[in-house]
Amino acid sequence: AQKITQTQPGMFVQEKEAVTLDCTYDTSDPSYGLFWYKQPSSGEMIFLIYQGSYDQQNATEGRYSLNFQKARKSANLVISASQLGDSAMYFCAMSNKQGAQKLVFGQGTRLTINP
Amino acid sequence: GAVVSQHPSRVICKSGTSVKIECRSLDFQATTMFWYRQFPKKSLMLMATSNEGSKATYEQGVEKDKFLINHASLTLSTLTVTSAHPEDSSFYICSVHPRETQYFGPGTRLLVL
């Protein structure tokens with residue numbers, strides 16, 4: 001069974017600083033996908049970034065990058081130059097790429113950016 | 001990315017009534033859609049996989065007779081919460097997966113009184 005663990009219930013960061021949100025995963029599947037989503041108070045799930053297990057390079061999308069360390073089974077999200085609008089819940093998730101693309105989510109991390 | 005809409009965005013109903021939630025894929029033909037549920041301050045949990053033209057696949061512990069799913073076209077899946085009770089109050093959110101990514105609708109907040 002797949003499992004995602006986010007060990008930081010809350011993070012507080014000063015505006016303009018970089019922040020790393022931790023995510024570790026467990027799976028026996030050789031092929032899988034890793035996702036990060038942002039959930040503001042409105043509830044919508046905003047797709048941020050995706051990393052495939054066979055991708056050689058770490059994924060990047062603007063200010064977001066995914067620090068993929070396969071041997072350690074970690075997929076940390078790095079947000080550079082944080083902004084007040086980054087304050088939200090952040091969820092790490094994984095899918096079985098070979099399967100039905102069902103997502104298993106971590107517990108989430110609430111990020112607060114202080115001015 | 002794919003654009004997904006849900007209707008209604010929020011609904012309040014009396015205990016014992018049924019509520020239908022629509023999920024529409026606006027720019028992507030989705031043979032499969034997913035329905036998730038999120039209780040307050042909790043993470044998302046997959047309820048079922050909606051399959052166009054065939055029966056939905058439910059996750060363990062989810063009552064198929066209570067949560068009816070219909071996926072009649074490539075752009076629409078519906079979730080009906082039958083005989084809703086206060087414990088069904090939750091945030092229901094659907095998703096589609098073009099290629100390897102997955103995009104979510106805005107969600108529906110259900111409150112059962």
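Those protein sequence lines, which keep their order, are chains A and B.
In terms of our numbering, the first sequence is residues 1 to 115.
In terms of our numbering, the second sequence is residues 1 to 113.
Heads up, the beta-carbon is just placed ideally off N, CA and C, and yes, glycines get one too.
Since we're looking at a predicted model, the values are computed, not measured.
A/N114 classed as buried or exposed, judged by whether at least 16 other C-beta atoms fall within 10 angstroms: Residue mapping note: residue 114 of chain A aligns to position 114 of the first sequence, counting from 1. A/N114 should be labelled exposed.
Span separating the alpha-carbon of B/T101 from that of B/S25: Indexing the second sequence from 1 puts residue 101 of chain B at position 101. Indexing the second sequence from 1 puts residue 25 of chain B at position 25. Computed Cα separation, rounded: 14 Å.
What does the Cβ neighbour count give for B/Y36, buried or exposed, with the cut at 16 atoms within 10 Å? For the purposes of this step, residue 36 of chain B is taken as residue 36 along the second sequence, with counting starting at 1. Classification for B/Y36: buried.
Three-state secondary structure (DSSP) of A/D26: The sequence position of residue 26 of chain A within the first sequence is 26, counting from 1. The answer is strand: DSSP assigns A/D26 an E or B state.
Taking B/T101 as the query, report the chain A residues whose CB atoms sit under 7 Å from its CB, ordered along the chain. Numbered from its first residue, the second sequence carries residue 101 of chain B at position 101. Result: F47 and Y50.
Three or more C-beta pairs closer than 8 Å, one from the region 76-85 of chain A and one from the region 15-31 of chain A: is that the case here? yes
Who are the neighbours of B/H97 on chain A, taking C-beta pairs under 7 Å? For this step, residue 97 of chain B is matched to residue 97 along the second sequence. Within chain A, the residues near B/H97 are Q101.
Indicate the three-state DSSP secondary structure (helix, strand or coil) for A/E61 in the structure shown. The residue labelled residue 61 of chain A in the question sits at position 61 within the first sequence. Residue state, collapsed to three classes: strand.
Just checking: is the beta-carbon of B/L111 within a distance shorter than 8 Å of some beta-carbon in chain A? Reading the second sequence from its first residue, position 111 is the one you call residue 111 of chain B. So no, B/L111 is outside the interface.
Tell me, which residues are paired with B/T80 by DSSP? What you label residue 80 of chain B is simply residue 80 of the second sequence in a count that begins at 1. According to DSSP, B/T80 shares a beta bridge with B/K20 and B/L68.
Can you give me the Cβ contacts of B/I21 inside the same chain, cut-off strictly under 7 Å, excluding the 5 residues immediately before and after it? Numbered from 1 along the second sequence, position 21 holds the residue referred to as residue 21 of chain B. Here B/I21 has Q6, T78, L79, Y92 and T108 as same chain residues with Cβ atoms under 7 Å from its own Cβ, once five neighbours each way along the sequence are excluded.
So for A/G10, helix, strand or coil by DSSP? Indexing the first sequence from 1 puts residue 10 of chain A at position 10. A/G10 falls in the strand class under three-state DSSP.
Using the C-alpha atoms, what's the distance from A/G62 back to A/F105? By one-based count along the first sequence, residue 105 of chain A stands at place 105. By one-based count along the first sequence, residue 62 of chain A stands at place 62. Distance between the alpha carbons of A/F105 and A/G62 is about 23 Å.
Does B/F39 come within less than 8 Å of chain A when only Cβ atoms are used? Taking the second sequence and counting its residues from 1, the one referred to as residue 39 of chain B is at position 39. Not an interface residue.
Could you say if the region 51-62 of chain A and the region 55-63 of chain B meet the contact criterion of at least three C-beta pairs nearer than 8 Å? no
For A/S95, report the span of its beta strand (DSSP E) as first-last. Mapped onto the first sequence, residue 95 of chain A falls at position 95. Here the beta strand (DSSP E) through A/S95 covers A88 to N96.
Beta-carbon separation of A/F35 and A/A71 under 8 Å? As a working note, residue 35 of chain A is residue 35 in the first sequence. As a working note, residue 71 of chain A is residue 71 in the first sequence. No, the Cβ-Cβ distance between A/F35 and A/A71 is not below 8 Å.
Leaving aside the five residues before and after B/M45 along the sequence, list all residues of the same chain whose C-beta is less than 6 Å from its C-beta, in chain order. In the second sequence, the residue the question calls residue 45 of chain B occupies position 45. Same-chain partners within the cutoff: R37.
Buried or exposed: where does B/H71 fall if 16 or more other Cβ atoms within 10 Å of its Cβ makes it buried? Reading the second sequence from its first residue, position 71 is the one you call residue 71 of chain B. By the 10 Å Cβ count, B/H71 comes out buried.
Please list the residues of the region 34-64 of chain B that have a C-beta atom closer than 7 Å to any C-beta atom in chain A, keeping them in chain order. F34, S43, L44, L46 and T49
Should A/F91 go down as buried or exposed, given a rule of 16 or more other Cβ atoms within 10 Å for buried? Along the first sequence, one-based indexing puts residue 91 of chain A at 91. So A/F91 ends up on the buried side.
To the nearest angstrom, report how far apart B/C121 and B/K55 are at their CA atoms. For residue 121 of chain B there is no data in the structure shown, the boundaries of chain B being 1 and 113.
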